[in-house]
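Sequence lines, in order, name chains F and W.
If you're matching positions, the first sequence starts at 47 in the numbering used here and goes up one per residue.
If you're matching positions, the second sequence starts at 47 in the numbering used here and goes up one per residue.
The beta-carbon is built from N, C-alpha and C at its ideal position, and this holds for glycine as well.
Note that the structure is a prediction, hence the values are computed from the model and not measured.
Written out below as structure tokens is the structure these notes cover.
2 protein chains.
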Amino acid sequence: MIEAKKISYQDIKALALKRIRNKTWPPGSIMPGEVELAGEFGCARATVNRAMRELADEGFIDRKRKAGTRIKASPTRHAKFTIPLIRDEIESSGATYRYALIRRDTPKTPDWLRARLALSLQADVLHLKCLHYAGSKPFQFEDRWINLDAVPKAAQQNFEMTGPNEWLVQEVPFTDVELTFSSMNADLQTAELLGVSEGAALFTIERITWLEKRPITFAKLYYFSGYQMTSRL
Amino acid sequence: MIEAKKISYQDIKALALKRIRNKTWPPGSIMPGEVELAGEFGCARATVNRAMRELADEGFIDRKRKAGTRIKASPTRHAKFTIPLIRDEIESSGATYRYALIRRDTPKTPDWLRARLALSLQADVLHLKCLHYAGSKPFQFEDRWINLDAVPKAAQQNFEMTGPNEWLVQEVPFTDVELTFSSMNADLQTAELLGVSEGAALFTIERITWLEKRPITFAKLYYFSGYQMTSRL
DNA sequence: ATTGGCATAAAGTCTAGACAAAACAGGACA
DNA sequence: TGTCCTGTTTTGTCTAGACTTTATGCCAAT
Numbered sequence: 047m048i049e050a051k052k053i054s055y056q057d058i059k060a061l062a063l064k065r066i067r068n069k070t071w072p073p074g075s076i077m078p079g080e081v082e083l084a085g086e087f088g089c090a091r092a093t094v095n096r097a098m099r100e101l102a103d104e105g106f107i108d109r110k111r112k113a114g115t116r117i118k119a120s121p122t123r124h125a126k127f128t129i130p131l132i133r134d135e136i137e138s139s140g141a142t143y144r145y146a147l148i149r150r151d152t153p154k155t156p157d158w159l160r161a162r163l164a165l166s167l168q169a170d171v172l173h174l175k176c177l178h179y180a181g182s183k184p185f186q187f188e189d190r191w192i193n194l195d196a197v198p199k200a201a202q203q204n205f206e207m208t209g210p211n212e213w214l215v216q217e218v219p220f221t222d223v224e225l226t227f228s229s230m231n232a233d234l235q236t237a238e239l240l241g242v243s244e245g246a247a248l249f250t251i252e253r254i255t256w257l258e259k260r261p262i263t264f265a266k267l268y269y270f271s272g273y274q275m276t277s278r279l
Numbered sequence: 047m048i049e050a051k052k053i054s055y056q057d058i059k060a061l062a063l064k065r066i067r068n069k070t071w072p073p074g075s076i077m078p079g080e081v082e083l084a085g086e087f088g089c090a091r092a093t094v095n096r097a098m099r100e101l102a103d104e105g106f107i108d109r110k111r112k113a114g115t116r117i118k119a120s121p122t123r124h125a126k127f128t129i130p131l132i133r134d135e136i137e138s139s140g141a142t143y144r145y146a147l148i149r150r151d152t153p154k155t156p157d158w159l160r161a162r163l164a165l166s167l168q169a170d171v172l173h174l175k176c177l178h179y180a181g182s183k184p185f186q187f188e189d190r191w192i193n194l195d196a197v198p199k200a201a202q203q204n205f206e207m208t209g210p211n212e213w214l215v216q217e218v219p220f221t222d223v224e225l226t227f228s229s230m231n232a233d234l235q236t237a238e239l240l241g242v243s244e245g246a247a248l249f250t251i252e253r254i255t256w257l258e259k260r261p262i263t264f265a266k267l268y269y270f271s272g273y274q275m276t277s278r279l
């Protein structure tokens, strides 16, 4: 008789996953309760609880008090990929990172931006355009707007040596981020900056950051043609 | 004197985050150990442990046995967005989902695919082209390859009524996924299928799925022009 | 039938204590 | 000097038990 050694929450996770996959616990059904499983595996309920909690976090099951734990019909897989600082992204590919400020001004806040960030009528913004290079090639064009109401000290910063993203991450805490990925044809100006032909398909990210409901910054990032973002889950 | 009631791991998380943000515990430094914190908050070490474990999962701190818990210099934020089934994505936008199979064949396995999936020389594949509509508009063009070695019963399936993704999710378990996002100009054929002009910028996703090292399927998904993928974190 | 309330079942959390595992530091020894 | 061993510290995990919270289903009163 093989000794059972000790059972970890990871073992239970793996076992439960196996039962979900081979439909011992079919999709849509309720699996045994924590007490029962703890009995079966000969461990404490807390151990089962942790395993199940993680499976729920990972989207395989739904748990409700009193109702029990139900196998999801179609597991919600969620990609969980890291958003690296652009400097790190470039340097980790082996290339040298270089940054250039193209333009810095404080225009009248455009209406689309005010609407997008729910800014008040008198909110001032700082507008920056920058290029990030990998070696000698343009890698990303950044069109950035900073809410000076929320980040007044950005007005004192010239951003000639340090990119706004790097500066903001160091200086301004944030709590919420919205990312929007899309694709667009390069207009003439962007094409020239990135060194591609007009109409080339560009991968773009829009990024809005808040600190507890207060909008901090809006950035539109245009990547060079051919950029790929990969994530494993 | 206000009674402290009870302290939950969430309170501790929030408090720790506040201290990280306001630099009570500056980036790069070591924060107090679990025992010390448990003393300060008047709770059990397990409670502190859970709070800290979650903060570590979320990328704010690094924990190492013996070395202690260190505040990350630049917190690794990771986007965690759900990959919905395309039917759900379309229906939740209020439109009617419609599916059409364009082509189904079993060609000689192309070399690029064999290389990409690390397939053996004699592996057979099923090749499908499909369109997914939102109402009357093309939403996504799907170019799918299925490894018949790993999923032999796919050969019996005609895929005329049900899309391969929906079928695979129901029938074939998987353990690993790789997603690659990029952008490309529509070629003539794809443009016609999606009802856009040639050269339009398309958002594309490549998706490879494995079951424990065995490649299951490769899909290239071309979205209509203007598609946006948004995630909040 | 419909509503309201109550008992109960299940997950969620906390505690106090124990042992395990990793990683580092310092000493013994070749 | 370098290598190995051993002790110590800190996080990682587990246990057994208790209490809390939330949903649900049932029963009674409208």
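- By the neighbour-count definition (other C-beta atoms within 10 Å, threshold 16), M98(F) is a buried residue.
- Here the C-alpha atom of K110(F) lies approximately 32 angstroms from the C-alpha atom of G209(W).
- Rounded to whole angstroms, the separation of the alpha carbons of P219(F) and R67(W) is 6 angstroms.
- Contacts between P153(W) and chain F, judged by CB atoms closer than 7 angstroms, are missing: the closest CB pair is about 26 angstroms apart.
- Q274(W) belongs to the set of residues whose beta carbon lies under 7 angstroms from a beta carbon in chain F.
- Residues of the stretch 111–130 of chain F with a Cβ closer than 7 angstroms to any Cβ of chain W, in chain order: S120, T122, R123, H124, A125, K126, F127, T128 and I129.
- If you check the CB distance, L167(W) and R150(W) do not come in under 7 angstroms.
- Between P184(F) and the set I117(F), Y269(F) and V171(F), the nearest pair of CA atoms involves Y269(F).
- Against chain W, the beta carbon of G245(F) has neighbours under 7 angstroms at G245, listed in chain order.
- With respect to the C-alpha of K259(W), the residue from A196(W), R65(W), V242(W) and R123(W) having the closest C-alpha is A196(W).
- Only residues of its own chain outside the window of five on either side were considered, and among them K118, P121, T122, R123 and H124 have a CB closer than 8 angstroms to the CB of G105(F), listed in chain order.
- Under DSSP, S277(W) shares a beta bridge with L225(F).
- Going by C-alpha positions, P78(W) is about 46 angstroms away from S229(F).
- At least one beta carbon of chain F lies nearer than 7 angstroms to the beta carbon of V223(W).
- Near chain F, meaning a CB-to-CB distance below 8 angstroms, no residue of the stretch 75–102 of chain W qualifies.
- Between the beta-carbon of T226(W) and that of I251(W) there is about 7 angstroms, and that keeps the pair under the 8 angstroms contact cut.
- Under the DSSP assignment, W158(F) falls in the alpha helix (DSSP H) whose first and last residues are D157 to L163.
- Around G241(W), the same chain offers P184 as residues with beta carbons nearer than 6 angstroms, after the five sequence neighbours per side are excluded.
- Among the residues of the stretch 230–255 of chain W, those with a Cβ less than 9 angstroms away from any Cβ of chain F are M230, N231, A232, G245, A246, A247, L248, F249, T250 and E252, in the order of the chain.
- For the pair I58(W) and V81(W), the CB atoms are not nearer than the 7 angstroms cut-off.
- Remark: C-beta atoms of P261(F) and N193(F) approach each other more closely than 7 angstroms.
- For N211(W), the enclosing alpha helix (DSSP H) has its first and last residue at P210 to E217.
- When DSSP states are grouped into helix, strand and coil, D151(W) belongs to the strand group.
- For I251(W), the enclosing beta strand (DSSP E) stretches over residues A247 to L257.
- Non-local C-beta neighbours of S75(F) in its own chain, meaning closer than 8 angstroms and more than five positions away in sequence, comprise R116 and I117, ordered along the chain.
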